[in-house]
Structure formats: C-alpha cells, structure tokens
Amino acid sequence: MGQTNLISPFFTIWKKKIQYLSDYCSLQVLGYVLTPSPATLFKRIFWLVTILASSVCSVIVLRGALANYTSDAVSYSVETNYLEFNTPFPAITICDCWVESNKKIVEKYFNVTTVSESLVDFAKEVSFWSVKFCKQCLKCELGRTCIEDFSGLVKFIRKKCTELFVGCTWNDKPFPCCEKFLPIDTEFGTCFVFNSRLTGSETLYTVNRKVGLHTLTFETMTKIMIRVHSSDEMLSVASDKVTSRCDILPLVSDLDLTLSVSPDNVTCQEPPINVDCRGSSAEVAVNVNCHRTFNFRVVLL
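All the letters of the sequence shown, read from the start, carry residue numbers 1 to 301 under UniProt numbering.
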C-alpha cells in the first residue's frame, strides 16, 4: 500500500509535465500525440507517423546540404594562406551592351533608312535588359513603337562571339576566343563565359603553388559588361555588384597588396648566424656576408 502511494505522485508529476509540453510546445502536432485529453488511437498514431516521417526527411535534406557545403566550392580565391591548394580560376562572363551604332542595325533589320526613336528604345529594352525599374508604361502601337515578334530582332542585334571578340591570350599565348568563351543564357540575355562548370566543361583552369597565377587577356570590338565570379555561379540580377552600366569591372572590393624584395638585392653587414631550419630540404648558403636560409615551406631572410 505504501509503495503504491509512492508511485502515484511520480506518475502525476510526469503527467503534468507531458501535458505542459503538449500545451506549450511550438511544434503543434506534438501536442496531438502527447495530449492527455481524450483522443482516438488513430489520431495519435497518424500524427506520430507524420512527425517521424518529417524528421527523417529533414535529416536527409540536412545531410545533403552538409555534403554540398563540404565537397563543393562555396567561394573562390586566387590567393590563399594555405601551403597546399588547388583553386579553380574564376569564371568570367562577358555580356554585349547597347551602343549608338546599334541604331543602324535596327534600321537594317526593318529595311528602312530611318526608324522612330520609340522603336529604337523598344529594341534597346528587349535586346539589352537592365536592372532599372520602369518609370512609366507606354501603349504599344504595332509597327510604330513596338513589334509583336521581337525574338528575331533580339538575335539580330546582339553580337555573336565572332563579332564580339578580337583576340584572346592565356599566359601570353593566343587561343581562339570562341573555343573558351562559351555562350550561356542569363537574365541579361545570351552572354559568353570563360572557365564555367555550367557550360559542361570537363576541365577547368586552376591556380596552385606549382603553376602560379595565370593571366587572361582579351580584346573586344565594342563596349561590354564584365562579371568575375565563381565557376559554379551564373550571372543574374541577384549577383553581387551587378549594375546595368557597361565598361565596368564590378568585382574588386578589397585590395590585398604584398611588397617583397629579393634576397639577392639585400646586403648584410653582420656575419652569418645559426638559424634553426624546419624540414629536411633546407639548404644554407653564404654569399657576400649574407646568410640565406631556404626551405620548401619557409623562407627566412
């Protein structure tokens, strides 16, 4: 009898805790399972299965997100403090821009000598979309201020790769521009991207200690919009520092400058001293009263 009196308060306390959890838990469906109020067994089992299924799906999604974060590049950098690195060379997207000479192209498309300014503005807006907001809405008058099928006009105005690039070099070695700058459809229209995974390129240019920093140069026939980004990204309105202006390079926000001097240009007045070297490949050389310590991982002057 005494043992029963001890167990009864224990269950009463836990019953109140469960009731409190079911009433104040932010996960409302948990209350349907733990509620002490009369509820059918089917209702409790249904919500219990729902909670378990949601938990399993959440774990699968979170594991996939964690795997993508740890295995794929979330950012890029051509310089690093790590001794061993193999970083993809950044992707470069080139987009054609509207220039005044395109007015002649519009006249050629409509096979006329003069075209109205309203129709020129229409051709500019549909061919070279920008992030600017519309200030006013104008009524479309077919044949005068707009045309119904403008897809052909867009293709006629925007330059092809061979019409856009003049020459390209990679580490001072020329290469065919259109073999590396591949077309890609973006929110700004069809652009040309270099070193992007999204074009199906099997191999990407990389940067590491062995090859050093690469140099890419190219020349175009007209004004362009340039965007430097990760090889996994695509140019879009949501991209950082994208504007509608041309002749810009919207990428540099921080400048890291390193000044260095060659050991051969240093004259030491003091005699050589003993310096502890790390690694087995260290070599010590004495030249003109200068002590130089070379190591694969550390250089001491």
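All C-beta atoms, glycine included, are put in the ideal place defined by N, C-alpha and C.
Supposed close pair residue i, residue j - CB separation, criterion 8 Å
i, j, result
"residue 32", "residue 47", "4 Å"
"residue 192", "residue 182", "7 Å"
"residue 96", "residue 158", "5 Å"
"residue 164", "residue 184", "At roughly 14 Å, the Cβ-Cβ gap does not stay under 8 Å, so residue 164 and residue 184 are not in contact."
"residue 172", "residue 215", "7 Å"
"residue 128", "residue 204", "The pair is not a contact, with the Cβ atoms about 29 Å apart (cut-off 8 Å)."
"residue 190", "residue 235", "Between residue 235 and residue 190 the Cβ distance is about 11 Å, and since that is not below 8 Å, they are no contact."
"residue 227", "residue 93", "5 Å"
"residue 210", "residue 194", "That belief does not hold up - the Cβ atoms of residue 210 and residue 194 are roughly 22 Å apart, past 8 Å."
Same chain, Cβ closer than 8 Å to residue i, five either side skipped, listed in chain order
i, result
"residue 126", "150, 153, 154"
"residue 142", "148"
"residue 220", "94, 164, 165, 166"
"residue 106", "115, 119, 120, 123, 153, 157"
Reduced DSSP category for residue i - H, G, I as helix; E, B as strand; rest coil
i, result
"residue 297", "The predicted position of residue 297 is uncertain, since its pLDDT is 39 and thus under 50; a value taken from the coordinates is nonetheless stated next. Residue 297 falls in the coil class under three-state DSSP."
"residue 122", "helix"
"residue 212", "strand"
"residue 223", "coil"
"residue 112", "coil"
"residue 146", "strand"
"residue 276", "The pLDDT assigned to residue 276 is 46, lower than 50, so where the model puts this residue is not dependable; a value taken from the coordinates is nonetheless given after this. Residue 276: coil per DSSP, three-state reduction."
"residue 271", "Summary for residue 271: the model assigns pLDDT 48, below 50, so the residue's position carries little reliability, and this model does not support an answer."
Close-in-space but distant-in-sequence residues of the same chain around residue i (CB under 7 Å, 5 per side omitted)
i, result
"residue 12", "none"
"residue 74", "Residue placement at residue 74 is poorly supported in this model, since its pLDDT is 47, which falls under 50; the coordinates are not used for a value here."
"residue 99", "222, 223"
"residue 124", "98"
"residue 122", "145, 146"
"residue 162", "178"
Beta-carbon contacts of residue i that lie in its chain and below 6 Å, excluding the five residues immediately before and after
i, result
"residue 196", "91, 231"
"residue 57", "none"
"residue 255", "With a pLDDT of only 42 at residue 255, under the threshold of 50, the placement of this residue in the model should not be trusted; the figure read from the coordinates follows. There are no such residues."
"residue 156", "109"
"residue 169", "217"
"residue 362", "This structure leaves residue 362 out entirely; the chain is present only between 1 and 301."
"residue 229", "91"
"residue 44", "33"
"residue 303", "Given that the chain is displayed from residue 1 to residue 301, the structure contains no residue 303 and the question cannot be resolved."
"residue 118", "145"
"residue 140", "146"
Residues that DSSP places opposite residue i in a beta bridge
i, result
"residue 183", "192"
"residue 206", "88"
"residue 173", "170"
"residue 96", "224"
"residue 217", "169"
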